[in-house]
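Single-structure report; data block below.
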Amino acid sequence: MKGKELKSRDIDSLFNGFLRDEGSIILGFKKDTITIGHHVFKGNIKDFSLINPFFNANGALYFRRLFSKGSRLLFVLRPCEIRAYVELIKLTQMEREGMIAISVDCPGTESVKETKGMTSLPEDIRDYFKEDTPKRWACINCREKRGVVGDGGIRLDKDFNMWIIPYTEKGEALIATLEGEWTDVPQDMAIKQDKEPEVFKTDLDMLKKDLSKCILCMNCRDMCPVCYCVDCVFNTDEYLPKGDALLNKILRTGEVDLPQGKELFHLIRMYHVSQTCVGCGACEEACPQGIPLTKYFKGISERLQGLFSYMSGRDFNEPIPYTTFKEDELKNAED
Amino acid sequence: MAESIKNKNIEIVGFACSYCSFKASEMAGSLRMKYPEGVKLIEVPCSSRVDPAFIIKALIEGADGVFVAGCHPGDCHFIKGNYYTRRKIAALKEMFNAFSIDGRLRLFWVSASEARRFVDKVTDMYNNIKEKKK
Numbered sequence: 001m002k003g004k005e006l007k008s009r010d011i012d013s014l015f016n017g018f019l020r021d022e023g024s025i026i027l028g029f030k031k032d033t034i035t036i037g038h039h040v041f042k043g044n045i046k047d048f049s050l051i052n053p054f055f056n057a058n059g060a061l062y063f064r065r066l067f068s069k070g071s072r073l074l075f076v077l078r079p080c081e082i083r084a085y086v087e088l089i090k091l092t093q094m095e096r097e098g099m100i101a102i103s104v105d106c107p108g109t110e111s112v113k114e115t116k117g118m119t120s121l122p123e124d125i126r127d128y129f130k131e132d133t134p135k136r137w138a139c140i141n142c143r144e145k146r147g148v149v150g151d152g153g154i155r156l157d158k159d160f161n162m163w164i165i166p167y168t169e170k171g172e173a174l175i176a177t178l179e180g181e182w183t184d185v186p187q188d189m190a191i192k193q194d195k196e197p198e199v200f201k202t203d204l205d206m207l208k209k210d211l212s213k214c215i216l217c218m219n220c221r222d223m224c225p226v227c228y229c230v231d232c233v234f235n236t237d238e239y240l241p242k243g244d245a246l247l248n249k250i251l252r253t254g255e256v257d258l259p260q261g262k263e264l265f266h267l268i269r270m271y272h273v274s275q276t277c278v279g280c281g282a283c284e285e286a287c288p289q290g291i292p293l294t295k296y297f298k299g300i301s302e303r304l305q306g307l308f309s310y311m312s313g314r315d316f317n318e319p320i321p322y323t324t325f326k327e328d329e330l331k332n333a334e335d
Numbered sequence: 336m337a338e339s340i341k342n343k344n345i346e347i348v349g350f351a352c353s354y355c356s357f358k359a360s361e362m363a364g365s366l367r368m369k370y371p372e373g374v375k376l377i378e379v380p381c382s383s384r385v386d387p388a389f390i391i392k393a394l395i396e397g398a399d400g401v402f403v404a405g406c407h408p409g410d411c412h413f414i415k416g417n418y419y420t421r422r423k424i425a426a427l428k429e430m431f432n433a434f435s436i437d438g439r440l441r442l443f444w445v446s447a448s449e450a451r452r453f454v455d456k457v458t459d460m461y462n463n464i465k466e467k468k469k
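Sequence order for the protein chains is X and C.
If you count by my numbering, then the first sequence holds residues 1 to 335, one letter each, in order.
If you count by my numbering, then the second sequence holds residues 336 to 469, one letter each, in order.
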């Protein structure tokens with residue numbers, strides 16, 4: 001695979017060169033002395049950071065219903081965020097025209113919730129890759145930490161030299177603006193391919209126990225990057241009735257626990273995102289009650305994606321399993 | 336769910352495609368075949384109209400079993416609807432397996448002329464669930 005070596009000063013020249021055009025925007029991470037987080041750069045990339053060691057939200061959340069309208073957009077984000085971007089494109093929630101997505105090798109992230117705010121940002125990129133920093137459950141069990149998704153990737157070899165590699169023509173056009181020779185990228189990278197996930201198995205009682213804390217604030221749904229429906233079924237009175245509709249339901253069917261429909265809400269959401277879930281853990285991060293949602297959503301989605309040998313966000317051209325079919329498959333589906 | 340629902344007879348919700356399975360159930364009626372009273376049929380324009388959310392809702396809110404019945408693969412009135420159904424229901428079954436919920440969801444292929452097959456499948460499912468509940 002061909003790529004270019006990326007020196008620290010090259011980052012500035014590459015991205016500033018991209019921003020020289022009027023109407024060009026970069027979404028990435030901004031690091032200053034106090035905080036680090038998502039930032040939209042215009043004009044120049046002051047305080048730009050390739051890696052953000054803290055997770056608060058999945059960046060693809062801001063992409064929904066985004067259309068470039070003639071401007072050029074560049075995303076320099078984590079693999080999980082770029083994977084969600086790929087899924088949103090397949091779901092026609094975004095326009096691929098004018099957008100370039102670059103994924104950056106991710107050493108794993110720490111929850112902002114547990115650190116009570118963002119502290120101690122290391123200066124050197126190597127420090128992010130130290131083993132001893134506490135990581136979120138979703139990151140420890142991540143399926144794809146390598147920057148191998150999207151239009152291009154920024155990867156680190158084992159000596160922590162940065163490499164920028166194109167995966168599509170768009171990425172190639174961007175990287176062509178960078179000075180330097182196209183060379184073969186080393187095989188040995190700082191982040192290796194993750195092992196295949198184990199088959200997830202649990203039971204309904206376990207789910208009920210974990211959801212006993214749920215207050216149905218639906219923050220998990222709102223912060224999920226791929227839970228994109230404008231008219232969610234749970235916004236109406238059909239699935240989780242409120243007020244009068246709830247009273248009518250109780251008079252009709254019998255007593256209910258309140259808040260009602262916790263398992264219903266999470267199971268239906270789990271099914272709806274099953275093929276597009278990237279396992280980023282934004283739902284768990286958004287949960288005010290600290291319910292281990294990632295375990296269920298990631299486990300179920302990986303199991304259901306495995307049924308169709310699919311992986312969310314891996315490829316722009318791989319259709320989402322529920323939107324396609326093969327005539328000769330699933331012979332034992334019928335009972 | 337509430338106790339009052341638990342003590343009731345077994346209730347099975349069935350989503351039947353109006354072009355084949357629902358016609359088969361009508362034919363079963365006109366041929367005086369009997370299938371259990373607890374089976375409540377819902378007519379849908381195509382089996383792929385059934386969002387798995389309907390099935391999850393039916394099961395969580397008290398139904399003992401749910402089945403989806405559609406045309407045989409390749410015979411769909413809308414050309415390819417039941418291929419999508421097959422994928423969706425297979426995935427939903429996989430999800431139920433992960434949560435250790437077995438035997439409460441079934442998928443049948445029944446054409447309009449197969450009244451006997453419809454009755455057999457439904458009765459078998461009813462008896463199966465009844466045995467498990469004891």
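No residue lacks a Cβ here, since even glycine has one placed at the ideal position from N, Cα and C.
CA nearest to the CA of residue i, picked from the options
{"i": "M368 of chain C", "options": "C:N463, C:H407, C:K467 and C:A450", "result": "C:A450"}
{"i": "V40 of chain X", "options": "X:L307, X:V76, X:C232 and X:M218", "result": "X:V76"}
{"i": "E95 of chain X", "options": "X:G70, X:E114 and X:E110", "result": "X:G70"}
{"i": "P134 of chain X", "options": "X:I11, X:E81 and X:V112", "result": "X:V112"}
{"i": "N161 of chain X", "options": "X:M270, X:M99, X:K213 and X:D188", "result": "X:D188"}
{"i": "K298 of chain X", "options": "X:G171, X:P197, X:G153 and X:P166", "result": "X:P197"}
{"i": "M206 of chain X", "options": "X:L293, X:Y228, X:C280 and X:K195", "result": "X:L293"}
{"i": "K42 of chain X", "options": "X:D10, X:I25 and X:G306", "result": "X:I25"}
{"i": "S68 of chain X", "options": "X:I51, X:F55, X:Q93 and X:N52", "result": "X:Q93"}
{"i": "G279 of chain X", "options": "X:F308, X:R314, X:F63 and X:P288", "result": "X:R314"}
{"i": "L204 of chain X", "options": "C:N344, C:D437, C:A426 and C:G416", "result": "C:D437"}
{"i": "V379 of chain C", "options": "C:D399, C:A398, C:F357 and C:G364", "result": "C:F357"}
{"i": "V149 of chain X", "options": "X:G108, X:Y85 and X:I175", "result": "X:Y85"}
{"i": "A333 of chain X", "options": "C:A398, C:D399, C:R452 and C:L440", "result": "C:L440"}
{"i": "N344 of chain C", "options": "C:A404, C:R384 and C:G397", "result": "C:G397"}
{"i": "K7 of chain X", "options": "X:K90, X:R72 and X:I164", "result": "X:I164"}
{"i": "K374 of chain C", "options": "C:K468, C:L427 and C:D399", "result": "The sequence given here places Val at residue 374 of chain C; Lys does not occur at that position. Nearest option by C-alpha distance: C:D399."}
C-beta contact flag for residue i and residue j at 8 Å
{"i": "L14 of chain X", "j": "T177 of chain X", "result": "yes"}
{"i": "I320 of chain X", "j": "T276 of chain X", "result": "yes"}
{"i": "I391 of chain C", "j": "G349 of chain C", "result": "no"}
{"i": "F18 of chain X", "j": "K30 of chain X", "result": "no"}
{"i": "A101 of chain X", "j": "D151 of chain X", "result": "yes"}
{"i": "V457 of chain C", "j": "Y370 of chain C", "result": "yes"}
{"i": "K331 of chain X", "j": "E263 of chain X", "result": "no"}
{"i": "G406 of chain C", "j": "S360 of chain C", "result": "The question names Gly, but residue 406 of chain C is Cys in the sequence shown. No, Cβ-Cβ distance for C406 of chain C and S360 of chain C is not below 8 Å."}
{"i": "S103 of chain X", "j": "I125 of chain X", "result": "no"}
{"i": "D184 of chain X", "j": "G147 of chain X", "result": "no"}
{"i": "Y167 of chain X", "j": "I51 of chain X", "result": "no"}
{"i": "I36 of chain X", "j": "F54 of chain X", "result": "yes"}
{"i": "A433 of chain C", "j": "K201 of chain X", "result": "yes"}
Backbone CA spacing between residue i and residue j [nearest angstrom]
{"i": "L121 of chain X", "j": "A57 of chain X", "result": "18 Å"}
{"i": "W182 of chain X", "j": "H412 of chain C", "result": "55 Å"}
{"i": "E284 of chain X", "j": "G290 of chain X", "result": "7 Å"}
{"i": "C381 of chain C", "j": "H272 of chain X", "result": "20 Å"}
{"i": "D157 of chain X", "j": "E114 of chain X", "result": "30 Å"}
{"i": "P225 of chain X", "j": "R422 of chain C", "result": "24 Å"}
{"i": "R303 of chain X", "j": "V199 of chain X", "result": "6 Å"}
{"i": "S301 of chain X", "j": "V401 of chain C", "result": "22 Å"}
{"i": "K347 of chain X", "j": "P408 of chain C", "result": "Summary: the structure shown does not reach residue 347 of chain X, with chain X confined to residues 1 through 335, and so no result is reported for it."}
{"i": "D257 of chain X", "j": "E346 of chain C", "result": "22 Å"}
{"i": "A173 of chain X", "j": "W444 of chain C", "result": "51 Å"}
{"i": "D455 of chain C", "j": "A351 of chain C", "result": "15 Å"}
{"i": "I34 of chain X", "j": "E144 of chain X", "result": "29 Å"}
{"i": "A337 of chain C", "j": "L251 of chain X", "result": "Confidence at A337 of chain C is low in this model, with a pLDDT of 48, below 50, so the placement of that residue should be treated as unreliable; the coordinate-derived value is given next. Each residue's Cα considered, the two are about 12 Å apart."}
{"i": "D459 of chain C", "j": "P387 of chain C", "result": "23 Å"}
{"i": "E429 of chain C", "j": "Q305 of chain X", "result": "10 Å"}
{"i": "E238 of chain X", "j": "N463 of chain C", "result": "31 Å"}
{"i": "R221 of chain X", "j": "S312 of chain X", "result": "18 Å"}
{"i": "C287 of chain X", "j": "N219 of chain X", "result": "6 Å"}
Exposed unless 16 or more other CB atoms sit within 10 angstroms - verdict on residue i
{"i": "I140 of chain X", "result": "exposed"}
{"i": "L88 of chain X", "result": "buried"}
{"i": "D159 of chain X", "result": "exposed"}
{"i": "Q260 of chain X", "result": "buried"}
{"i": "K23 of chain X", "result": "In the sequence under discussion, the amino acid at residue 23 of chain X is Gly, which differs from the Lys named in the question. It is exposed - the Cβ of G23 of chain X has fewer than 16 other Cβ atoms within 10 Å."}
{"i": "A245 of chain X", "result": "exposed"}
{"i": "T420 of chain C", "result": "buried"}
{"i": "N317 of chain X", "result": "exposed"}
{"i": "L366 of chain C", "result": "exposed"}
The region 436-454 of chain C: which residues have C-beta closer than 7 Å to a C-beta of chain X, in chain order?
-> Here the close residues are I436, R441, L442, F443 and W444.
Residues of the region 410-424 of chain C with a CB closer than 8 Å to any CB of chain X: list them in chain order, please.
-> K415, Y418, Y419, R421, R422, K423 and I424
Within 7 Å of chain X by C-beta, residues of the region 368-395 of chain C in sequence order | Per Cβ criterion, the list reads P387, A388, I391, K392 and I395.
Contact set between the region 318-333 of chain X and chain C, restricted to residues whose Cβ is under 9 Å from the partner = P321, Y322, T323, T324, F325, K326, E327, E329, L330, N332 and A333
With 7 Å as the C-beta to C-beta threshold (strictly closer), list the residues of the region 197-229 of chain X near chain C in chain order.
-> F200, K201, T202, D203, L204 and L207
Interface residues of the region 299-314 of chain X facing chain C [CB-CB below 8 Å] | Listed by position along the chain: G299, I300, R303, L304, L307 and F308.
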